[in-house]
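*Asks:*
Numbering (our numbering), first residue to last: 1489 to 1927.
1. So, is residue 1893 buried or exposed, given that buried needs 16 or more other C-beta atoms within 10 angstroms?
2. Between the alpha carbons of residue 1821 and residue 1747, how many angstroms are there, rounded?
3. Tell me whether residue 1673 sits in a helix, a strand or coil according to DSSP, three-state version.
4. Residues in the same chain with beta-carbon distance under 6 Å from residue 1794, minus the five sequence neighbours each way, listed in chain order, please.
5. Does residue 1650 pass the burial test, meaning 16 or more other C-beta atoms within 10 Å, or should it be called exposed?
6. Around the C-beta of residue 1725, are 16 or more other C-beta atoms found within 10 angstroms, so that it is buried, or is it exposed?
7. Leaving out the 5 sequence neighbours to the left and right, which residues in its chain are closer than 7 Å to residue 1871 when beta-carbon positions are compared?
8. Does the beta-carbon of residue 1660 have 16 or more other beta-carbons within 10 angstroms, so that it is buried, or is it exposed?
9. What separation, rounded to the nearest whole angstrom, lies between the Cα atoms of residue 1489 and residue 1805?
10. For residue 1833 and residue 1709, what's the separation of their Cα atoms in angstroms?
11. Which one or two residues does DSSP pair with residue 1897 in a beta bridge?
12. Can you name, in chain order, every residue of its own chain whose Cβ lies under 8 Å from the Cβ of residue 1648, other than the five neighbours on each side?
13. Is residue 1573 helix, strand or coil when you go by DSSP?
14. Curious, which full-length alpha helix (DSSP H) runs of at least 4 residues does the region 1833–1866 contain?
15. Buried or exposed: where does residue 1923 fall if 16 or more other Cβ atoms within 10 Å of its Cβ makes it buried?
16. Under 8 Å: do the region 1797–1816 and the region 1876–1893 share three or more Cβ pairs, one atom per stretch?
17. At the level of alpha carbons, what is the spacing between residue 1779 and residue 1764?
18. Taking buried to mean at least 16 other C-beta atoms within 10 Å of its own C-beta, is residue 1641 buried or exposed?
19. From which residue to which residue does the alpha helix (DSSP H) around residue 1904 run?
20. With H, G and I counted as helix, E and B as strand and the rest as coil, what does DSSP make of residue 1633?
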């Protein structure tokens, strides 16, 4: 156990400048939580609208997370040379641009312009996360940095829930013609249906673009404290070599890669899991989709609630120990997801979200410990690890599409072996980090 700490210990200063910048940065955390989780359920929507397979529609998650990977290092170099604030403003600008690009993509009516829009949007998210996470980390002592990140990431979880609620509305309002029936529609009728569904799909992105622009303007006129550490002369290669030789950081990047893969996989394919389950119970595809979304929202509400609880518990327990424990619990819950073929499996899958709640900010904080003046570049490596969200879900999609069975279990259940292995890596990292703290 750790000594009891209070939230007043989290920051170097306690004035209006800190408060305003903290609130606006917290809003940014909520904004990218919204973007991530209004997008994840769209894999199934794109599959229906464009009459594609699950594997083809999983390109959405690849394009989405590729932007994180490609822009993290440029973002880190920019904020290292200039400022956190500049990086955040660029991130918000790209976020708004990518969201607005959904409108011309809808007019074109093809799948690939949407992928490019997602890519531009997530280039913005990469700038945001590469700037905001290390900035929050630097706002106070390193001792409370992981707990501080968890506290702010709790509001990211609220954005996550809001995004999923909006995604559920999209699912409700797209036409209820099943994927199988769409395959047999005449081309003219299919194009009319597609245009209607794309109108529904693009509306949330236009709305969020307006919100992002408002936050951008407010931040542009706000002074941000702790934003004068820039102009480092060290070469990127030298920094990368030093970071690679830090086991806590090196293993943290791997753990983050696996965590994001597990999170995206669980939140994307909970829909497929529910579809298999509820259609077997007699519901239509559209009805099963809506019910599955409700369970997905329950998972995200649990995720948000547990993140607040985890932040509170970190006043007494070491973050590394908490990470290893919830990692093990997540593995156990995924075993239930795989082995149960009734609603108990779905309940286990929801429980996984409770375990996921503290992982991202905790891994981030633990991995940055001891990186010193290299924190900005180190943060970029952890943001690049978000590429795990593009790596693992297509593998899981391939397992689902293969219709492979094991011990009588359907392929949807078997596919959750992928996130199970990922969470085992996270549990291993938590234990390793805990042991190192005592060495």
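Note that beta-carbon positions come from the ideal geometry of N, C-alpha and C, so glycine has one too.
Source: prediction; values computed, not measured.
*Replies:* Considering the structure as presented:
1. Exposed.
2. If I take the Cα positions, the gap works out to 15 Å.
3. Three-state DSSP puts residue 1673 in coil, outside helix and strand.
4. These residues qualify, in order along the chain: 1842, 1845.
5. Residue 1650 sits buried, since 16 or more C-beta atoms from the chains shown fall within 10 Å of its C-beta.
6. Exposed, by the Cβ-count rule.
7. Within the same chain, residue 1871 has close Cβ partners 1556, 1560, 1614, 1617, 1618.
8. With fewer than 16 Cβ atoms within 10 Å of its Cβ, residue 1660 is classed as exposed.
9. In this predicted model, residue 1489 has a pLDDT of only 49, less than 50, meaning its place in the structure is not dependable; the value taken from the coordinates is given anyway. Straight-line spacing of the CA atoms in residue 1489 and residue 1805 works out to 5 Å.
10. Taking the straight line from one Cα to the other gives about 50 Å.
11. According to DSSP, residue 1897 shares a beta bridge with 1894.
12. Closer than 8 Å at Cβ, skipping near neighbours: 1521, 1522, 1524, 1525, 1788, 1791, 1792.
13. Correct three-state label for residue 1573: helix.
14. If we require 4 residues or more, the alpha helix (DSSP H) runs fully inside the region 1833–1866 come out as 1847–1856.
15. Exposed, since its Cβ has fewer than 16 Cβ neighbours within 10 Å.
16. Below 8 Å, too few C-beta pairs join the region 1797–1816 and the region 1876–1893 to call them touching: fewer than three.
17. Linking residue 1779 to residue 1764 through their CA atoms gives a straight-line distance of about 12 Å.
18. That one is buried.
19. Premise fails: residue 1904 is in no alpha helix (DSSP H) and is neither H nor E.
20. Note: residue 1633 maps to helix in three-state DSSP.
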